[in-house]
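K.L.:
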Amino acid sequence: MDNRRMGAFDLAVYAGQLKEFLVGGQLGSLDEPTRSALITAFGTLPDELSERASEARTAEEIRKSKITAKNATKSEVLGRIALLRDALKANRAPADEMALCGFARPPRRNTYVALDPTDLSVTGTSNGVNTLRFSGNNGPARVIYEISRRESKSERWAVVAVTKKQTFVDSGVTPGAYYQYKVRAVAAKTVSNFSNTAVIGKPLREIVDQ
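If you're matching positions, the sequence shown starts at 23 in the working numbering and goes up one per residue.
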């Protein structure tokens, strides 16, 4: 048993039990002078430790209670500040009033205009994979790229992927089949024009005409 790892209350109870064993004569292997000396050494220490632990627990509970009350009051104060800030915003308060209260107007963000991707190309492999590459022409993390595909000139375009990269691997396509691809950039508030259309394979009609 590692007594040093015991809590104060548990240690007080344990020490009190040991003293009771000494007083009650359960430890008969000890001679009387040694037993008496140990009883004197233990003295009132177990009871004192229990009392100090109780006081410490009460103090800790009071401390926690004060911290809880402080945090609750802080939340209420922050709520009132937010009410004032929102009221000033709702009433279109001038900048000097906002600054007077320590409220900074959020800077207006410039709307990023998504630029058109270019140079779209596609290559295919015999295992049913079409690989697209293009020039994004936009800054990093400014846009995502929306890739559309259709399998014949009469079908509608369908979005097959959204990616941040300037490459895309379209797996599961039919090797040698006809596909058209195009891509556009999508920013937070703007959308670019579509890129050039990249084509792979031949339309079914052309194959039949041959």
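Glycine included, each C-beta is placed from N, C-alpha and C at the ideal position.
1. Just tell me which of Asp118, Thr56 and Thr196 has its CA closest to the CA of Pro225.
2. By how many angstroms is the C-alpha of Val99 removed from the C-alpha of Ala30?
3. Considering only residues of the region 64 to 146, which uninterrupted alpha helix (DSSP H) runs meet the minimum length of 4 residues and lie entirely inside it, listed in chain order?
4. Given that a residue counts as buried once 16 or more other Cβ atoms are within 10 Å of its Cβ, and exposed if not, what is Gln202?
5. Among Thr140, Thr56, Leu40 and Lys187, whose alpha-carbon lies nearest the alpha-carbon of Pro162?
6. Are the Cβ atoms of Val205 and Tyr167 separated by less than 9 angstroms?
7. So does the region 53 to 61 actually touch the region 29 to 45, counting three or more Cβ pairs closer than 8 angstroms?
8. Is it the case that the region 106 to 113 contacts the region 64 to 77, given that we only count it when at least three CB pairs across the two stretches are under 8 angstroms?
9. Could you tell me the distance, in whole angstroms, from the CA atom of Met120 to the CA atom of Arg27?
10. Looking at the unbroken alpha helix (DSSP H) that takes in Phe216, where does it start and where does it end?
11. So, Leu154 versus Asp192, is the Cβ gap smaller than 9 angstroms?
12. Check for me: the alpha helix (DSSP H) holding Glu168 runs from which residue to which?
13. Count the other C-beta atoms from every protein chain shown that fall within 10 angstroms of the C-beta of Tyr194, then say buried if there are 16 or more, exposed otherwise.
14. Rounded to whole angstroms, what is the Cα-Cα separation between Thr133 and Thr80?
15. Using only CA atoms, which one of Ser170, Ser97, Ile89 and Trp179 lies nearest to Gln139?
16. Check this for me: beta carbons of Leu137 and Ala207, under 9 angstroms apart or not?
17. Could you work out which residue in Asn160, Ser87, Pro116 and Ala104 is closest to Val213 when comparing CA atoms only?
18. Just list the residues that DSSP pairs Ala220 with in beta bridges.
19. Decide if Gly50 is buried, meaning its Cβ has at least 16 other Cβ atoms within 10 Å, or exposed.
20. Using alpha carbons as the reference points, say which of Ser157, Tyr200 and Phe190 lies closest to Glu177.
21. Where does the unbroken beta strand (DSSP E) through Asp192 begin, and where does it stop?
22. Report the rounded CA-to-CA distance for Asn152 versus Lys211, giving the unit in angstroms.
P.N.:
From the atom records:
1. For the purposes of this step, residue 225 is taken as residue 203 along the sequence shown, with counting starting at 1. Comparing Cα positions, the closest option is Thr196.
2. In the sequence shown, the residue the question calls residue 30 occupies position 8. In the sequence shown, the residue the question calls residue 99 occupies position 77. Each residue's alpha carbon lies about 39 angstroms from the other.
3. 67 to 112 and 117 to 122
4. Taking the sequence shown and counting its residues from 1, one reaches residue 202 at position 180. Looking at its Cβ environment, which holds 16 or more other Cβ atoms inside 10 Å, Gln202 is buried.
5. Within the sequence shown, numbered from 1, the residue matching residue 162 stands at position 140. Ranking Thr140, Thr56, Leu40 and Lys187 by Cα distance to Pro162 puts Lys187 first.
6. Translated into positions along the sequence shown, residue 205 becomes position 183. Translated into positions along the sequence shown, residue 167 becomes position 145. Yes, the pair counts as a contact, with Cβ atoms nearer than the cut-off.
7. yes
8. no
9. Here residue 120 corresponds to residue number 98 of the sequence shown, with the count starting at 1. Here residue 27 corresponds to residue number 5 of the sequence shown, with the count starting at 1. Near 56 angstroms, if we compare the C-alpha coordinates of Arg27 and Met120.
10. Indexing the sequence shown from 1 puts residue 216 at position 194. It is not in any alpha helix (DSSP H) - Phe216 carries neither H nor E in the DSSP assignment.
11. Numbered from 1 along the sequence shown, position 132 holds the residue referred to as residue 154. Numbered from 1 along the sequence shown, position 170 holds the residue referred to as residue 192. Yes; because the gap between Cβ atoms is below 9 angstroms, this pair is in contact.
12. Locating residue 168 in the sequence shown gives position 146, where the first residue counts as 1. First-last for Glu168: Ile166 to Arg172, but that is the beta strand (DSSP E), not the alpha helix (DSSP H).
13. The count along the sequence shown starts at 1 and reaches residue 194 at position 172. Note on residue identity: the sequence assigns Gly, not Tyr, to residue 194. It is exposed - the Cβ of Gly194 has fewer than 16 other Cβ atoms within 10 Å.
14. Against the sequence shown, residue 133 aligns to sequence position 111. Against the sequence shown, residue 80 aligns to sequence position 58. If I take the Cα positions, the gap works out to 58 angstroms.
15. For the purposes of this step, residue 139 is taken as residue 117 along the sequence shown, with counting starting at 1. Reading off the sequence shown, one finds Pro at residue 139, where the question assumed Gln. Closest option to Pro139, Cα to Cα, is Ser170.
16. The residue given as residue 137 occupies position 115 in the sequence shown. The residue given as residue 207 occupies position 185 in the sequence shown. Closer than 9 angstroms, so yes.
17. Translated into the one-based positions of the sequence shown, residue 213 becomes position 191. Per the Cα distances, Asn160.
18. Numbered from its first residue, the sequence shown carries residue 220 at position 198. BP columns for Ala220 point to Tyr203.
19. In the sequence shown, residue 50 corresponds to position 28, counting from 1. Exposed.
20. Numbered from its first residue, the sequence shown carries residue 177 at position 155. Checked all of Ser157, Tyr200 and Phe190; the closest Cα to Glu177 is Tyr200.
21. Translated into positions along the sequence shown, residue 192 becomes position 170. Per DSSP, Asp192 belongs to the beta strand (DSSP E) from Thr189 to Ser193.
22. Within the sequence shown, the letter at position 130 stands for residue 152. Within the sequence shown, the letter at position 189 stands for residue 211. If you take the alpha carbons of Asn152 and Lys211, they lie about 30 angstroms apart.
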